[in-house]
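A.B. asks: Heads up: the sequence shown runs through residues 231 to 627, numbered per the working numbering.
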Amino acid sequence: MTQYSIGDCVLERSDPLFEEALANAYRSRERPLCLCSTPGVPMYIARTGDNSYVLKRMPNSGQQHHPDCDSYEIPAELSGRGAVENKAISEDQETGLTNLKLDFSLSKVSLNRTISKGETKEPTAVKADPTKLTIRSLLHFLYEDAGLNKWAPNMEGKRSWYVIRKYLLQAAQNKVARKHPLGEALLIPEQFSLDHKDEIVARRRQFLSKLKKQGNKQPMGILIGEVKTIEEARFGFKMIVKHMPDTPVYMGEDVYKRINKAFSTELAFFHENESIHLLTICTFLLSASGSPQVDTISFMAVDRNWLPFENIEELELLERLCTGKRHFIKGLRYNLGSSDVIASVLLTDTEGKPTAVYLVPAGATESYYDELNAVVSHSELPSQILDVNQEDTLSAV
């Protein structure tokens with residue numbers, strides 16, 4: 231575990247004296263050092279609204295940290311985060327808050343309209359605005375900040391919905407969207423427990439009660455959950471989310487059709503492979519009867535280790551790396567489209583610098599190869615190109 235030099239002490243985050251040391255350093259305006267590398271990487275301390283203290287990496291310093299450090303950040307050119315960093319995502323060093331600009335609404339003025347629309351546009355069809363996060367990008371951002379796109383052999387068998395939820399909620403702390411704490415709008419179902427069923431249901435109902443219509447304004451929530459099934463309802467369709475099967479999320483038939491078209495790959499993996507988890511993120515509002523109804527929605531397929539993947543080749547690559555006990559970081563697209571070049575993974579256990587692995591998709595165009603060559607030539611990291619259009623390419627990893 232990473233150690234930090236705070237004042238005269240060297241501590242880990244789990245140390246009982248860690249919070250007190252942060253408070254003392256904050257008052258004396260000292261800058262702690264992350265000791266993941268020599269001579270240490272400067273960090274900063276932010277004071278939150280509840281008078282607690284948070285240790286954070288300095289902006290644009292992520293690559294100075296050791297690849298195994300929690301503060302390490304994948305280089306901008308390797309994922310979609312670089313396109314939205316400091317635009318849709320901005321950090322205030324004084325408050326420790328991260329402000330998120332979203333391209334979707336968190337409230338409605340009136341319900342006199344068709345409720346559900348869904349996010350079904352491919353970002354390359356209509357260029358995504360780099361100054362705002364799409365609903366998919368928000369999930370990618372939280373997943374990456376939670377460290378859930380990182381893998382090490384000691385994580386094998388230790389990830390469950392309880393773990394996923396815990397770290398997503400931690401990632402949402404100190405995040406602000408539209409001048410309100412993101413966590414206040416976020417519903418991530420608690421792991422079901424028969425012994426605590428009544429308390430869990432009561433907490434969920436309390437959350438939903440905050441979304442009731444207030445005059446002409448209808449607040450919306452953001453749901454992140456694991457899909458159990460999407461099935462027909464009396465009118466339209468309903469999505470059953472694991473750990474909250476008693477609270478279906480409804481959608482119109484038009485939304486259901488667009489979902490099947492836009493997320494056909496994710497849904498196919500979910501239906502055909504029992505080891506695959508299908509995550510959803512959606513904004514929702516309450517109908518007159520109090521039932522959640524989808525407004526904007528996206529999906530992300532993750533493998534048995536809860537690592538995101540986009541196609542069968544990438545799923546096989548992740549399985550090979552996990553079986554080979556490799557250390558790596560999975561690249562995420564954020565606002566980028568499927569034809570934009572990103573590194574599938576960043577191997578963090580290679581000698582010297584980490585190695586970026588690019589997985590060329592089937593049927594890649596000449597322009598894709600041109601962009602890939604440009605990205606590789608301008609990157610400071612070693613790279614490995616796996617072209618699925620060539621035979622037995624994954625065996626090279």
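Using N, Cα and C, we set each Cβ at its ideal position, and we do this for glycine too.
Would you identify the three-state DSSP class for Met481, choosing helix, strand or coil?
C.D. replies: Here residue 481 refers to the residue found at position 251 of the sequence shown. Strand, per DSSP.
A.B. asks: Hey, out of Ser235, Glu249, Ile418, whose CA is closest to Leu399's CA?
C.D. replies: Numbered from 1 along the sequence shown, position 169 holds the residue referred to as residue 399. Nearest C-alpha to Leu399: Ile418.
A.B. asks: Thinking C-alpha only, which one of Thr595, Val271, Lys380 is nearest Leu628?
C.D. replies: There is no way to answer for residue 628, as the model of the chain reaches only from 231 to 627.
A.B. asks: Since Ser528 sits in a beta bridge, which residues does DSSP pair it with?
C.D. replies: Looking up residue 528 in the sequence shown gives position 298. Ile511, per the DSSP bridge assignment.
A.B. asks: Whose CA, out of Asn290, Ser335, Glu315, Gly387, lies closest to the CA of Phe707?
C.D. replies: Outside the shown range of the chain, which is 231 to 627, sits residue 707, and nothing can be said about it.
A.B. asks: Tell me, which residues are paired with Glu456 by DSSP?
C.D. replies: In the sequence shown, residue 456 corresponds to position 226, counting from 1. Note: Glu456 sits in a beta bridge opposite Leu509.
A.B. asks: Can you give the Cα-Cα distance for Met530 and Glu540, rounded to whole angstroms?
C.D. replies: On the sequence shown, residue 530 is found 300 positions in, with the first residue counted as 1. On the sequence shown, residue 540 is found 310 positions in, with the first residue counted as 1. Their Cα atoms are separated by approximately 8 Å.
A.B. asks: To the nearest angstrom, how far is it from the Cα of His473 to the Cα of Arg366?
C.D. replies: Counting from 1 along the sequence shown, the entry for residue 473 is found at position 243. Counting from 1 along the sequence shown, the entry for residue 366 is found at position 136. The alpha-carbon atoms of His473 and Arg366 are separated by roughly 22 Å.
A.B. asks: Where does Cys299 sit, in a helix, a strand or coil, going by DSSP?
C.D. replies: Residue 299 sits at position 69 when you count from the first residue of the sequence shown. Here Cys299 sits in coil by DSSP.
A.B. asks: Looking at C-alpha atoms only, which residue of Glu581, Ile572, Thr580, Gln448 is the closest neighbour of Arg311?
C.D. replies: In the sequence shown, the residue the question calls residue 311 occupies position 81. Comparing Cα-Cα distances from Arg311 to each of Glu581, Ile572, Thr580, Gln448, the minimum goes to Ile572.
A.B. asks: When the distance is taken between beta carbons, is Gln448 closer than 8 Å to Leu515?
C.D. replies: Taking the sequence shown and counting its residues from 1, the one referred to as residue 515 is at position 285. Taking the sequence shown and counting its residues from 1, the one referred to as residue 448 is at position 218. Yes, these two residues count as a Cβ contact at 8 Å.
A.B. asks: Can you look up Leu252 in the DSSP assignment and give me helix, strand or coil?
C.D. replies: Stepping through the sequence shown from its first residue, residue 252 is reached at position 22. DSSP places Leu252 in helix when its eight states are reduced to three.
A.B. asks: Taking DSSP's pairing of strands, which residues face Trp381 in a bridge?
C.D. replies: For the purposes of this step, residue 381 is identified with residue 151 of the sequence shown, where counting begins at 1. Partner(s): Phe558.
A.B. asks: Could you give the residue range of the beta strand (DSSP E) that holds Val575?
C.D. replies: For the purposes of this step, residue 575 is taken as residue 345 along the sequence shown, with counting starting at 1. Segment 575 to 577, the beta strand (DSSP E) holding Val575.
A.B. asks: Does DSSP classify Lys351 as helix, strand or coil?
C.D. replies: Within the sequence shown, residue 351 is the residue found at index 121, counting from 1. Since pLDDT at Lys351 reaches only 45, below the 50 mark, its modelled position is unreliable, and the value read off the structure follows with that caveat. Coil, per DSSP.
A.B. asks: For Ala586, which residues from the same chain have a beta carbon less than 6 Å from its beta carbon, with the 5 sequence-adjacent residues on both sides left out?
C.D. replies: Position 356 of the sequence shown, counted from the first residue, corresponds to residue 586. Cβ within range, chain order: Leu308, Ala573, Leu576, Leu611, Ser613.
A.B. asks: Which residues share a DSSP beta bridge with Pro449?
C.D. replies: Taking the first residue of the sequence shown as 1, we reach residue 449 at position 219. Ser337.
A.B. asks: Is the beta carbon of Gly292 closer than 8 Å to that of Ser235?
C.D. replies: Reading the sequence shown from its first residue, position 5 is the one you call residue 235. Reading the sequence shown from its first residue, position 62 is the one you call residue 292. Between Ser235 and Gly292, the CB-CB gap reaches or exceeds 8 Å.
A.B. asks: I need the DSSP call for Leu537, collapsed to helix, strand or coil.
C.D. replies: Stepping through the sequence shown from its first residue, residue 537 is reached at position 307. Of the three classes helix, strand and coil, the one that applies to Leu537 here is coil, per DSSP.
A.B. asks: So Asp579 packs on His557, CB below 8 Å; how close in whole Å?
C.D. replies: Start at 1 with the first residue of the sequence shown, and residue 579 comes out as number 349. Start at 1 with the first residue of the sequence shown, and residue 557 comes out as number 327. Right, their Cβ atoms sit about 4 Å apart.
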